[in-house]
Amino acid sequence: MSKPRDLKTMTSLRFPSSLDGLTPEIMTALLAEQRPEVRVTSVDVIQSANRGDGVASTADRVTLELAYEGDVGLPSRMLLKTVLLHRGLRFGPSAIQMTGKVFDVLGALPFGSRLRPWVFSAIGSYQRRYPHAPDAMYINEVRFYRTIRGSLAIEAPACFGSVFDETHRNFGVLMEDLTLRGARFPNALTSVSVDEIRGLVATLAVLHARYWQSPAFASELQWLATPIAGGMYPVFRALGLDLIRNQIETNAYKAEAIAPLGKTVDELWDALWKAQDMLAAGPQTLLHGDPHIANTYLLSGNRGGFLDWQLMVRGRWAHDFTYLLITGLASGDRREHERDLLCFYLDELRRHGVENPPEQNEAWLRYRQAAIWGLVIGWLITPTENYGEAITAANISRLVAAVQDLETLEALA
Numbered sequence: 001m002s003k004p005r006d007l008k009t010m011t012s013l014r015f016p017s018s019l020d021g022l023t024p025e026i027m028t029a030l031l032a033e034q035r036p037e038v039r040v041t042s043v044d045v046i047q048s049a050n051r052g053d054g055v056a057s058t059a060d061r062v063t064l065e066l067a068y069e070g071d072v073g074l075p076s077r078m079l080l081k082t083v084l085l086h087r088g089l090r091f092g093p094s095a096i097q098m099t100g101k102v103f104d105v106l107g108a109l110p111f112g113s114r115l116r117p118w119v120f121s122a123i124g125s126y127q128r129r130y131p132h133a134p135d136a137m138y139i140n141e142v143r144f145y146r147t148i149r150g151s152l153a154i155e156a157p158a159c160f161g162s163v164f165d166e167t168h169r170n171f172g173v174l175m176e177d178l179t180l181r182g183a184r185f186p187n188a189l190t191s192v193s194v195d196e197i198r199g200l201v202a203t204l205a206v207l208h209a210r211y212w213q214s215p216a217f218a219s220e221l222q223w224l225a226t227p228i229a230g231g232m233y234p235v236f237r238a239l240g241l242d243l244i245r246n247q248i249e250t251n252a253y254k255a256e257a258i259a260p261l262g263k264t265v266d267e268l269w270d271a272l273w274k275a276q277d278m279l280a281a282g283p284q285t286l287l288h289g290d291p292h293i294a295n296t297y298l299l300s301g302n303r304g305g306f307l308d309w310q311l312m313v314r315g316r317w318a319h320d321f322t323y324l325l326i327t328g329l330a331s332g333d334r335r336e337h338e339r340d341l342l343c344f345y346l347d348e349l350r351r352h353g354v355e356n357p358p359e360q361n362e363a364w365l366r367y368r369q370a371a372i373w374g375l376v377i378g379w380l381i382t383p384t385e386n387y388g389e390a391i392t393a394a395n396i397s398r399l400v401a402a403v404q405d406l407e408t409l410e411a412l413a
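Just so you know, the sequence shown maps onto residues 1 to 413 in the working numbering.
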């Protein structure tokens, strides 16, 4: 597949890897994508959340106060999402491919299975020291804000500029500071009402209906990854199973949490790929890809939107709907309201123009099957440092309960 045209314009700005590099000139260049007449005269860092600190997961989030030359009609306070880490310290595409090949070689050696845990222990230590994500995730988010966000009438952050510097592998997305609209940022430890989840489901339905079986997937959006091709798929396939094994071996609370399932990590991994095949089939739409509750924000009037589009893919609706419900609601509330919320989602699809949404029995089956992704890729693979043990454990607990309640493994068999 040829390189998307939008990537060709991402390399005109070498984005910095330190706070000191966030100069008025850099901010002016970033804003020039949409507002070439704007000149930034000063930049002040108000607040910064760093990768792996339990607040920011895979990217740094920097709140900036900007001053402009003249009255330009832009907010003075904005949020910058970036990675303040030199490319030489990042685990790039070539390193990922090389690591995958190393594990292939180790698999053929008599004592290779004994060496693999040591290698992943070293990778884990490095990731804890220099937390970051593969480039594919950063590229994906920049593409969302550059090529898709403007066409969506959904609740998502407004973007004022974005860049991915392919040569130096740095990125930046300059977006609105949602706190100025009174946004609340929930997680699995906070209380989220059924009505608030309903508002988020309504947002998902608008997104999904907009791209339901879209012809754009064969043209301008052909670059979108699917659950079984492109994007993060090569990373998950090459390293995912060993990363999860390492997480289970080094985090006793994760091992204890999945024990009630009575399945090995390898068996859960096999079930995941059965679900991925299902999600890559059937009616396709644009998926957020990672809509756990901590990637959402809540506004007054039970309105809600979605953050962090790094795992956006093309796939089956059930992926987004299922992951949101299970992580967003306490297990008791989820059991009580999941069928009603599923009916509400299907009705919303119809209301927004989807002529033949899934019928309820099939939709219920896909909902049951999709629960495995959030457990295996969503939280077992995620380092504890990203969100902290309490939030990670709460999400895993909700997902394990759902996999049991919904008999997900049986539904996939």
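Cβ atoms here follow ideal geometry from the backbone N, Cα and C, with glycine treated the same way.
Residue i to residue j span [Cα, whole Å]
i, j, result
"F344", "V40", "46 Å"
"S191", "G328", "9 Å"
"E25", "D60", "20 Å"
"E362", "L342", "11 Å"
"G374", "M137", "17 Å"
"A255", "S193", "30 Å"
"P227", "E166", "24 Å"
"E37", "F160", "13 Å"
"S219", "A252", "47 Å"
"P134", "N386", "14 Å"
"E355", "L207", "15 Å"
"L412", "P16", "46 Å"
"T23", "L224", "33 Å"
"N187", "R334", "15 Å"
"L30", "R237", "35 Å"
"L189", "G332", "14 Å"
"E249", "P357", "42 Å"
"V173", "F217", "24 Å"
"Q388", "T382", "Note that residue 388 is Gly in the sequence shown, not Gln. So the two alpha carbons sit approximately 10 Å from each other."
"M393", "A257", "The amino acid occupying residue 393 in the given sequence is Ala; Met does not appear at that position. Each residue's Cα considered, the two are about 8 Å apart."
"F321", "P215", "22 Å"
Cβ neighbours of residue i in the same chain (closer than 8 Å, five flanking residues each side left out)
i, result
"D414", "This structure cannot settle anything about residue 414, because the visible part of the chain is limited to 1 through 413."
"L324", "I197, L200, V201, L204, P291, H292, I293, T296"
"W352", "In the sequence under discussion, the amino acid at residue 352 is His, which differs from the Trp named in the question. Here the set comprises A205, V206, A209, R210."
"Q404", "P260, L261"
6 Å CB neighbourhood of residue i in its chain, flanking five on each side removed
i, result
"R245", "V265"
"F144", "W309, M312"
"W273", "none"
"L261", "none"
"R366", "A318"
"P4", "Residue confidence is low: P4 scores 45 on pLDDT, short of 50, so the model does not pin down where it sits. Its coordinate-derived value is still stated next. Excluding sequence neighbours, P4 sits near W223."
"N395", "A188, T327, W379"
"V376", "L268, L272"
Unbroken alpha helix (DSSP H) run spanning residue i, endpoints
i, result
"N251", "Here N251 belongs to no alpha helix (DSSP H), and DSSP marks it neither H nor E."
"D405", "389 to 405"
"Q276", "265 to 279"
"D135", "135 to 143"
"I418", "In the structure as shown, the chain starts at 1 and stops at 413, and residue 418 therefore has no counterpart that could be examined."
"A411", "408 to 412"
Beta strand (DSSP E) segment containing residue i, residue limits
i, result
"R61", "60 to 68"
"V376", "No beta strand (DSSP E) contains V376, which DSSP labels as neither H nor E."
"K81", "77 to 82"
"L174", "170 to 176"
"D44", "40 to 49"
"M71", "For the record, residue 71 in the displayed sequence is Asp; it is not Met. Looking at the DSSP string, D71 is not in any beta strand (DSSP E), and its letter there is neither H nor E."
CB-CB length for residue i against residue j, believed under 8 Å
i, j, result
"L19", "S48", "7 Å"
"L399", "W379", "6 Å"
"S162", "E33", "7 Å"
Own chain partners of residue i with C-beta closer than 7 Å, once the 5 adjacent residues on each side are dropped
i, result
"F436", "Nothing can be reported for residue 436: it is not among the residues displayed for the chain, which extend from 1 to 413."
**OP:** Identify every run of the alpha helix (DSSP H) within the region 203 to 229, keeping only runs that are complete inside it and at least 4 residues long; order them along the chain.
**Re:** none
Subject >> Whole runs of the alpha helix (DSSP H) within the region 282 to 360, excluding any shorter than 4 residues >> reply: 318 to 328, 331 to 351
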